[in-house]
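> Quick one: this structure, given as structure tokens, is what I'll be asking you about.
Residue numbers (the numbering used here): 401 to 633.
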């Protein structure tokens, strides 16, 4: 389904990530946390469109939010970072994607993010916090440097507010910025220490081979295949 609307807010989340609030012009988009939309920044579609994960939740009506990482090969992302302004028109298509959070799947959920892989997971995180406060939720999130931990302040504040939510952060290049927390990518030891309940449902999103590598570790720890959901960037 196509929607036409305007950008109503832009926020710098990290040095390389911006979020955009999109007003749907009176329309309502029916989506599940984890899904994405295709965005075209002008009605003529002269700029190549691209898919972006929805970072807001289905509880919000009339708008959705997306997060966009600026990458040298991504023309649409570069345009959004360098040229997009509040009030700009867009065409949006979707939602789409099989990486979805579904209710009734269990009482314990583990989200595992690598880098910009946090974007579909933040929608799940927010939804569980707002709509399912009794769910036990753990987030394991690694990034290259601390300044690239998108939504870090929100994640920390939410976990402090909700006793059923726990967040663990790790940095893969601590030599580039000061950091006194865990170092390295999410690995077997971290999973064993912080996400040991094999009856949890796992959602994993990150670059290239990372989701498959984490899924293989989880299988080795005894997690059933049906409880493992992956998405690669």
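Every residue gets a Cβ at the ideal spot worked out from N, C-alpha and C, and that includes glycine.
Treat the numbers as computed from the prediction; the structure is a model and nothing was measured.
#1: What does DSSP give as the partner residue(s) for residue 451 in the beta ladder?
#2: For residue 532, which residues from the same chain have a beta carbon less than 8 Å from its beta carbon, with the 5 sequence-adjacent residues on both sides left out?
#3: Around the Cβ of residue 553, are there at least 16 other Cβ atoms within 10 angstroms (buried) or fewer (exposed)?
#4: Per DSSP, what kind of secondary structure is residue 544 in: helix, strand or coil?
#5: Quick one: give me the first and last residue of the alpha helix (DSSP H) that residue 589 is part of.
#6: Who are the near neighbours of residue 488 in its chain, counting only those whose CB is closer than 7 Å to its CB and skipping five residues on each side?
#7: Under 7 Å Cβ to Cβ from residue 598, same chain only, skipping five residues before and after it: list those, please.
#8: By the three-class DSSP mapping on this structure, what secondary structure does residue 405 have?
#9: How many Å lie between residue 444 and residue 508 at the Cα?
#10: At what residue ranges does the stretch 596-622 contain a whole run of the alpha helix (DSSP H), taking only runs of 4 or more?
#11: Residues in the same chain with beta-carbon distance under 6 Å from residue 417, minus the five sequence neighbours each way, listed in chain order, please.
#12: At a threshold of 8 Å, does residue 497 count as lining the ligand PLP (C-beta to nearest heavy atom)?
#13: At 4 residues or longer, what runs of the alpha helix (DSSP H) sit wholly inside the stretch 459-526?
#14: Evaluate the contact criterion for the stretch 489-496 versus the stretch 518-529: three or more CB pairs, one atom per stretch, below 8 Å.
On the basis of the coordinates in this document:
#1: Start at 1 with the first residue of the chain shown, and residue 451 comes out as number 51. Paired residues: 438.
#2: Locating residue 532 in the chain shown gives position 132, counting from the first residue. Excluding positions up to five away in sequence, the list reads 503.
#3: On the chain shown, position 153 is the one that residue 553 refers to. Counting Cβ neighbours within 10 Å, residue 553 comes out exposed, since fewer than 16 surround it.
#4: By 1-based counting over the chain shown, the position of residue 544 is 144. Correct three-state label for residue 544: coil.
#5: Counting from 1 along the chain shown, the entry for residue 589 is found at position 189. Here the alpha helix (DSSP H) through residue 589 covers 588-594.
#6: Looking up residue 488 in the chain shown gives position 88. Once the five neighbours on either side are set aside, the close Cβ partners of residue 488 are 406, 407, 441.
#7: Within the chain shown, residue 598 is the residue found at index 198, counting from 1. Counting only Cβ-Cβ distances below 7 Å, and skipping sequence neighbours, we find 621, 622, 623.
#8: Start at 1 with the first residue of the chain shown, and residue 405 comes out as number 5. Strand at residue 405.
#9: The count along the chain shown starts at 1 and reaches residue 444 at position 44. The count along the chain shown starts at 1 and reaches residue 508 at position 108. Unreliable placement is indicated for residue 444, whose pLDDT of 45 sits below 50; the coordinate value is still reported in the next sentence. Between residue 444 and residue 508, the C-alpha separation is close to 45 Å.
#10: For the stretch 596-622, whole alpha helix (DSSP H) runs of length 4 or above, ordered along the chain, are 610-620.
#11: The residue labelled residue 417 in the question sits at position 17 within the chain shown. Cβ within range, chain order: 467, 469, 550.
#12: The ligand PLP is absent from the structure shown, which contains no ligands of any kind.
#13: 475-482
#14: no
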